[in-house]
Amino acid sequence: GPKFEARAGLYPDRERSMSREVASVFCLNNTSVTVSLNKHDQPVNDELQRVKDQLKTSTRNKYERLFEGLKLQENESLLNSIYTQLYIIEGEREAMNEEHEVLQMEKTARTQYSQDTPIYCNDIFKASPKPGYEEKEQIKTVLTKGIAGIGKTVSVQKFILDWAEGKANQDVDFMFVLPFRELNLIQDHQYSLHRLLLDFHPELQDLDSQIYEKCKVLFIFDGLDESRITLMLSDAQKVCDVTDTSSVAVLMSKLIKGELLPSARIWITSRPAAANQIPSKYINRLTEIQGFNEPQKEEYFRKRISEEHQANRIISHIRRARSLHIMCHIPVFCWISSTVLQMLLKEDLSAEIPQTLTEMYIHFLLIQINMRNQKYEERDPEKLLQTNREVIVKLAEVAFKQLMKGNVMFYEEDLTESGIDLTDASVYSGICTEIFKEESVINQRKVYCFIHLSVQEFLAAFYYLDQVHNLHRDTVNKALESENGHLDLFLRFLLGISLESNQKLLKDLLTHTVNSSESIKKTSQYIKERIKTDKNLPTERSINLFLCLLEMKDQTLYKEIQVFLKSDKQRKSEKLTPAQCSSITCMLQMSEEVLDELDLKKYNTSEEDKVQLTVTQNQVNNTNVITQFLLYRFCVSSLVLAVFASQLYHLSYMNV
689 GPKFEARAGL
699 YPDRERSMSR
709 EVASVFCLNN
719 TSVTVSLNKH
729 DQPVNDELQR
739 VKDQLKTSTR
749 NKYERLFEGL
759 KLQENESLLN
769 SIYTQLYIIE
779 GEREAMNEEH
789 EVLQMEKTAR
799 TQYSQDTPIY
809 CNDIFKASPK
819 PGYEEKEQIK
829 TVLTKGIAGI
839 GKTVSVQKFI
849 LDWAEGKANQ
859 DVDFMFVLPF
869 RELNLIQDHQ
879 YSLHRLLLDF
889 HPELQDLDSQ
899 IYEKCKVLFI
909 FDGLDESRIT
919 LMLSDAQKVC
929 DVTDTSSVAV
939 LMSKLIKGEL
949 LPSARIWITS
959 RPAAANQIPS
969 KYINRLTEIQ
979 GFNEPQKEEY
989 FRKRISEEHQ
999 ANRIISHIRR
1009 ARSLHIMCHI
1019 PVFCWISSTV
1029 LQMLLKEDLS
1039 AEIPQTLTEM
1049 YIHFLLIQIN
1059 MRNQKYEERD
1069 PEKLLQTNRE
1079 VIVKLAEVAF
1089 KQLMKGNVMF
1099 YEEDLTESGI
1109 DLTDASVYSG
1119 ICTEIFKEES
1129 VINQRKVYCF
1139 IHLSVQEFLA
1149 AFYYLDQVHN
1159 LHRDTVNKAL
1169 ESENGHLDLF
1179 LRFLLGISLE
1189 SNQKLLKDLL
1199 THTVNSSESI
1209 KKTSQYIKER
1219 IKTDKNLPTE
1229 RSINLFLCLL
1239 EMKDQTLYKE
1249 IQVFLKSDKQ
1259 RKSEKLTPAQ
1269 CSSITCMLQM
1279 SEEVLDELDL
1289 KKYNTSEEDK
1299 VQLTVTQNQV
1309 NNTNVITQFL
1319 LYRFCVSSLV
1329 LAVFASQLYH
1339 LSYMNV
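Using this note's numbering, you'd call the opening residue of the sequence shown number 689 and step up by one each time.
Shown next, in the form of structure tokens:
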């Protein structure tokens, strides 16, 4: 079962694609110390207050606005007006790093427990109120995990804004911004900590460096997954003073280990796969952002879509398209979905609405292209088409190459490697600026990224299909070999784009289309064979294969499972593989149909796949459901886990 304790945080609203900003916080003791300022000694309280007020003003101006998509005026919103709470749980789920982020969310969506207790992100460093924890217990270092687009940066932004507006953490004196994506740009430089902070926050220039020793300090490092700095936690170099000079990697490592400013508090955010760079012995509290719950999904769409009838229709469609509904636990996907569905319904009320993940992303890409074309000065449609195609193919190449390297942030050299000329005006007056963003950071150097990881994965699949055509079977095998499932979503997009119906939608962007019906058929058959016969297929990979079939609009296995569930004779005679159990799990999770009975003793499974259950009655979705399972074994446990999403009227577990 999941390894987590009480929930530990309500977090802000939908994640936009926006620059990751971080802060560090200085807390003043009640001691009377002085700083040197303009050659006159003044009470520290007066001088700190002046600089503090300056920094609060600049911080508020910087963080009070949020951008959906790119930093364009039309995408701008006041953070406080659109803030919606997200959950953080204390601890993490089991096997969190062994599956693709999206599958983690699809699983989490089914297993949120009502007894979890949420708290606000402003309280993340407060001692736990649970028995056995003393109030005075110091939470020094917090690591918060969360998949791309789940709300990590918005959580940090809200934390900072609440401080700057005097709403929370008023024992804190200063906030400083040290994002990983910016630290990457100076990783080869030598700095003292004091000099580094001055470069990021010139407002501190009048403060003496000795003030750090007399304050409590909290550094918030946002985006460890974007770091290209190798932490040196075993390095023996001594850096004990804020004026000691060293590399950025050593400075950060000494802060995390507590050898530099030992009283400092640290908050690190990261995508799951990168979080293991920091040994657990340096972490006092581990948390995980889980995204929107069901009411928050609806709240998001109603906040963003002002016309009630349109909002109702979009919410209804999302609920019916289960693979889309699951993805809406991710705030950025909510934004993509609302962008696409609003535009389609605006143009044609009878428009065919996307049913699959791939269709949603294709329409998102096409909408962004059309929006840019309307503003573009080029009036020759052929030339416009050619420009769009060239830019998309180049960006797709960047997406693919960097995905294979595990990179989500890119720099100028990464782009020139794929033939993107950053001085070419056509690049930035075309589609590039709608799905790809440039940020000016420290020393006026640039950093680039796609507006969301899933957009990068989609374009990577687009590039791969355009280059290699029919190597689907090899790609399936390569994705199955991935230990952490980082190619799972890429594979779903690749197989989805391979459909001729989707190639038709992309015909103006693909260099050529191919008749893929035979290849799709063979790939589909191969996937079904792996699910039915491969006894060693991990649960997460088999579930993703099932989702791949749905992405290819192959309903045959889905229908076979439906027949199987309704046939007593078939259930008793056919022995299920673990992968088949996973497929049944996935199908039940995605189905809105009511299953009258789940009698585990009627399923032919091996003894080692049996599950020990502790069952309690509960109310779920206003139906009488027997839920809340303690699951210990693999196959049937996967099957029973689906009960959380399927409305069961009767569960028989006698003699299992």
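Ideal Cβ placement from N, Cα and C applies to all residues, glycine included.
Range covered by the alpha helix (DSSP H) that runs through residue i
i, result
"K1071", "1069-1093"
"I1185", "1176-1186"
"C1236", "1227-1239"
"R953", "That residue, R953, is in no alpha helix (DSSP H); its beta strand (DSSP E) goes 953-958."
"V936", "936-945"
"Y775", "Where Y775 is concerned, there is no enclosing alpha helix (DSSP H), although the beta strand (DSSP E) it sits in stretches over 774-779."
"K846", "840-852"
"I1002", "996-1008"
"F1021", "1019-1035"
CA-to-CA distance, residue j to residue i, given in whole angstroms
i, j, result
"F909", "S843", "12 Å"
"E947", "V865", "21 Å"
"K985", "D894", "47 Å"
"T933", "H1051", "51 Å"
"L1238", "E870", "40 Å"
"T1044", "S746", "43 Å"
"T722", "A852", "Residue placement at T722 is poorly supported in this model, since its pLDDT is 35, which falls under 50; the coordinates still yield a value, given next. C-alpha separation (whole angstroms): 24 Å."
"E1101", "V830", "34 Å"
"V1156", "S1186", "11 Å"
"Q1213", "S1204", "14 Å"
"E735", "T841", "31 Å"
"K1166", "R1218", "14 Å"
"A783", "L1054", "Residue placement at A783 cannot be trusted, given a pLDDT of 45 that sits under 50; the coordinates are not used to answer."
"I1215", "M1092", "23 Å"
"E1040", "L1032", "8 Å"
"V661", "D896", "No statement about residue 661 is possible, as the shown extent of the chain runs from 689 to 1344 and does not include it."
"Y801", "I776", "Its pLDDT being 48, under 50, Y801 is placed unreliably in this model, and the coordinates cannot settle the point."
"T1104", "I1231", "38 Å"
"K1209", "F1234", "15 Å"
"R1180", "E914", "24 Å"
"L850", "D887", "The displayed chain sequence assigns Asp, not Leu, to residue 850. Cα-Cα distance, rounded: 24 Å."
Residue j beta carbon less than 8 Å from that of residue i
i, j, result
"V681", "D923", "What is shown of the chain runs 689 to 1344, which leaves residue 681 out entirely."
"L767", "G979", "no"
"A952", "L906", "yes"
"G1107", "K1082", "yes"
"R1077", "D1196", "yes"
"T957", "L912", "yes"
"V930", "Y900", "yes"
"I1006", "S1025", "yes"
"I966", "I993", "no"
Limits of the unbroken beta strand (DSSP E) element including residue i
i, result
"S816", "Taken as a continuous stretch (DSSP letters only), S816 belongs to no beta strand (DSSP E), as it is neither H nor E."
"M863", "860-863"
"Q878", "878-880"
"C1137", "1134-1138"
Residue i, buried or exposed, once every other Cβ within 10 Å from all chains shown has been counted against 16
i, result
"H1200", "exposed"
"G1094", "exposed"
"R916", "exposed"
"D1162", "exposed"
"E1171", "exposed"
"T1244", "exposed"
"R1008", "exposed"
"M940", "buried"
"H1017", "buried"
"T1221", "exposed"
"E1035", "exposed"
"E1228", "buried"
"G839", "buried"
"C1323", "The predicted position of C1323 is uncertain, since its pLDDT is 38 and thus under 50; no value can be drawn from it."
"P1019", "buried"
"N1312", "Confidence at N1312 is low in this model, with a pLDDT of 30, below 50, so its placement is unreliable and the value that follows should be read with caution. With fewer than 16 Cβ atoms within 10 Å of its Cβ, N1312 is classed as exposed."
"N1190", "buried"
"N1224", "exposed"
"Q1056", "buried"
"Q826", "exposed"
"P1042", "buried"
Beta-bridge pairing of residue i - partner residues as DSSP gives them
i, result
"I977", "I776"
"Y900", "Looking at the DSSP assignment, Y900 forms no beta bridge with any residue, so it has no partner."
"K833", "S958, E976"
"V927", "V927 pairs with nothing; no bridge assigned."
"F989", "According to DSSP, F989 bridges with nothing at all."
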